[in-house]
Amino acid sequence: MVKELIKTQHGDILLPAFMPDATYGSIKSISFKDAETAGVKEIVTTTMHIEQNIGSEFIKEFGGIHKFFGWDRPILTDSGGWQVFSLINRQRSVISNQSSDKKQRSENSKLMTDNFITEAGCSFLDPVTNQQFLLTPESSMQIQFNLGADLMTVLDDPILGDASFAERKECVRINTVWAKRAKKKFDELSTPSSLRDTSPLIKGRMRGVQPLLGCVIQGGNDYELRKQSAEELVELDFDIYNFGGLPLHTPVTWKTESEEGFFHDMLKYVSDLIPDKKCKYAMGVGQPTDIAYCVDVGWNLFDTVLPTRNARHGYLYVSEGQGEETKIYKKLSHDVLRIKKEIYSKDSRPIDENCKCEACVNYSRAYIRHLIRMNEPAGFRLATIHNLTFYTSWMQDIRISIK
RNA sequence: CGGGAGAUGGCGGAGUGGUCAAUCGCAACCGACUGUAAAUCGGUAAAAUCGGAGGUUCAAAUCCUUCUCUCCCGA
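Letter by letter, the first sequence follows residues 14 to 416 of this note's numbering.
So this is what it looks like as C-alpha cells:
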C-alpha cells in the first residue's frame, strides 16, 4: 500500500510531491504568490539560514513561519546538517589543494578550527554572517518548533564519499544518536501543553494535527552502512524517512570510479529498507527523470534546487519536441532548452508552446533570452516560474501515471 | 590662447628599454549545476606589430622629436 497523502496543519500533501527550496526564506527570484500560481503546494526552508539571519525566537513571536512568509500551505524545515556538511566538505577540498601560499595555509587552518563536528553537535562559522554557531539535535528541533514547521527534520550527519570506512561508520553512529536525541526533544515539544507554550502551531486551524518528524538515513555509497542506518532509524519509528547525502557520483558527494550520474541502485535498495506506510523523502532529488525513477522504487517526497537555479542559468525544462535534448524515463519524457543559446536570439515562439505559465503565455524566447543575458531579475523570475510550473505539472503527471 | 593628462584587441584596461606578437576583465560561444556561501562556476574561440611619421639603441608599447586627435584646468 503506497502512501498517497500527508495531513498537516496547513493542508494535505498529495504524494508524490515536489517541494521547491526557499532557502533564505524565499524561493529565489520569485514571490510565494508566483510559486502558488506555478502550482507549488508545499515548500522547504532551512532552519539554519532563518535562525542565523532572522532568529527563530522572533519568528515565533511574529506568529510562525507561515505568517512571516505569507505562505499558508505546508512547510518542511531542513535541519541544518547539510549546510555543515557542505562547509566541512569545502574546507577539505581547499586543504587538499596543498597550497604553499602562506596566506592560504593560514586560511586553511582557520577553516579547521571554524567548522567541526563532535558528538555534541555541529560547530561552524557562518560564511554569510561571520558568526560562530553551534547546532545540536536539540537546538535544531527547538528552532523548528519556534518556526512552527509542518514537517521537521532531525539534525543529521552526512558522509563524505572519500572518507574511510571507519569514519563513515562513525558518522552513521552519530547520526543515529542525534536522531534519538532529536526525537526525544521533538516528543517533549509536541505534547499539547508544551506546544501551547512553545509553538505557533497551536494557533493554527487544525488543532490536534501534530507536526511530523523525519530522520535521515546515511551511510554514503556503502550498502551495509545504509542498511545499518535504516534499521536503527526504523526502530525509532519516525514519520518520514529521508535519503541522506546526494545519490550522485561527483567529487562533492560520493567519489566512485565505476559509474557516472545518478545512483539508481542505492535509491531502490534504501527505499526497500523503509516500511511502505512511511513517507519516503529523497532529499535533493533531482532531475525530472530521476524523480520519476525514484517514485517507481517507492520514494514520494522530493526537493531540489534544480528548477530554480537552472532557471536563473537559462536551463529550462520543456515538453518533448520543444527543446534541444530529450530526457526519457519509461513513458515520461521532456526536453531541455538552454535559452541563452544564440539560436534563440530571434525566436518569437514561447519557451514552451504547451505551457500556460506567465512566461509562456506572454513572452517570446528572444525576449526571455535577452533578459537573462542582461541579468535582469524579471528574466530570472519568468524562467523560474516556468521551470516550477514544469516541475509541478511533471509531478501531477507522475501522480496520474501511478494511479 | 596658456597649462596639464592621455591615445594599447569590439569595449575597459595592465604593461614605462630585452623575459611583450603583448597580463587581465567585460562582451561572445559552449558546458556544468541535484537537502542553494550559486544572477554562480568551468571551458573555448576570436581579436591589437601598442594614434601617424621620424630618430636614439644590439634591442622600443616603453626614451627623444614632430604631427594628428581626445580629455581636464585656467583665461
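Backbone N, C-alpha and C fix where the C-beta goes; we use that ideal spot for every residue, glycine too.
Treat the numbers as computed from the prediction; the structure is a model and nothing was measured.
Which class does residue i belong to by DSSP, given the choice of helix, strand or coil?
i      : result
HIS326 : coil
ILE415 : coil
VAL107 : With a pLDDT of 48 at VAL107, under the threshold of 50, the modelled position of that residue is not reliable, and no figure is offered here.
SER377 : coil
ASP114 : Confidence at ASP114 is low in this model, with a pLDDT of 43, below 50, so the placement of that residue should be treated as unreliable; the coordinate-derived value is given next. If DSSP states are grouped into helix, strand and coil, ASP114 belongs with coil.
GLU371 : helix
ASP360 : coil
THR60  : helix
GLN145 : strand
GLY24  : strand
ASN121 : Legend: pLDDT at ASN121 = 49, less than 50; position of this residue unreliable, value from coordinates given subsequently. Residue state, collapsed to three classes: helix.
LEU30  : Per the sequence shown, the amino acid found at residue 30 is Ala instead of Leu. In the structure shown, ALA30 sits in a strand (DSSP, three-state: E or B).
LEU18  : strand
ASP235 : coil
MET165 : strand
LYS41  : coil
SER69  : helix
ARG218 : At ARG218, the pLDDT of 40 sits below 50, so the modelled position is not reliable; the number obtained from the coordinates is stated separately. Correct three-state label for ARG218: coil.
Would the beta-carbon of residue i fall within 7 Å of that of residue j?
i      : j      : result
LEU226 : ASP252 : yes
GLU333 : HIS347 : yes
ILE43  : THR317 : no
ILE304 : GLY327 : no
VAL229 : ASP169 : yes
VAL185 : SER136 : no
CYS368 : LYS16  : no
ILE411 : VAL308 : yes
ALA195 : PRO150 : yes
TYR404 : PHE146 : no
GLU245 : THR189 : yes
ILE356 : HIS399 : no
TYR294 : TYR342 : no
LEU329 : LEU350 : yes
TRP191 : PRO301 : no
PHE45  : GLY83  : yes
Out of the options, state which residue places its alpha-carbon closest to the alpha-carbon of residue i.
i      : options                           : result
LYS313 : TYR328, PHE256, ASN367 and ARG362 : In the sequence under discussion, the amino acid at residue 313 is Asn, which differs from the Lys named in the question. If we check each option's Cα against that of ASN313, PHE256 comes out closest.
SER99  : PHE82, HIS79, LEU138 and GLU132   : LEU138
SER152 : LYS80, GLU64 and PHE81            : GLU64
LYS359 : GLY297, ARG382 and GLN144         : ARG382
GLY94  : ASN323, LEU329 and ILE172         : ILE172
CYS373 : ARG194, PHE82, LEU18 and LEU401   : LEU401
LYS182 : ASN234, TYR404, PHE45 and ARG194  : ASN234
TRP58  : CYS370, SER361, THR50 and MET296  : Note on identity: in this sequence residue 58 is Thr, with Trp being the wrong assignment. For THR58, the nearest C-alpha among the options comes from MET296.
GLU366 : PRO29, LEU259 and ARG378          : ARG378
SER203 : ILE187, VAL222, ALA192 and TRP191 : VAL222
PRO33  : GLY24, ARG86 and GLN22            : ARG86
GLY52  : ILE413, CYS370, HIS262 and LYS416 : CYS370
PHE276 : ILE415, LEU261 and LYS343         : LEU261
ILE40  : THR263, ARG322 and TYR236         : ARG322
ILE413 : LYS20, THR50 and LEU28            : LEU28
HIS23  : LEU259, ASN143 and HIS79          : HIS79
ASP25  : ALA35, VAL331, LYS344 and ILE56   : ILE56
GLN335 : ARG362, ARG325 and ASP250         : ARG362
LYS20  : LYS54, GLY232 and ILE67           : LYS54
Compute every distance between the C-beta of residue i and the non-hydrogen atoms of the ligand ZN, then say whether any falls below 6 Å.
i      : result
HIS383 : The ligand ZN is not part of this structure, which contains no ligands at all.
> So does the stretch 64-78 actually touch the stretch 177-184, counting three or more Cβ pairs closer than 8 Å?
Replying inline: no
> Is it a yes or a no for the stretch 282-296 touching the stretch 382-394, going by three-plus beta-carbon pairs under 8 Å?
Replying inline: no
> Okay, do the stretch 90-101 and the stretch 162-169 touch, 3+ Cβ pairs below 8 Å being the bar?
Replying inline: yes
>> Whether or not the stretch 151-158 and the stretch 184-199 are in contact is what I'm after, with contact meaning three or more pairs of Cβ atoms, one per stretch, closer than 8 Å; do they touch?
In response: yes
>> For a minimum of 3 consecutive residues, which ranges assigned as the beta strand (DSSP E) are wholly contained in the stretch 289-317?
In response: 292-296 and 314-317
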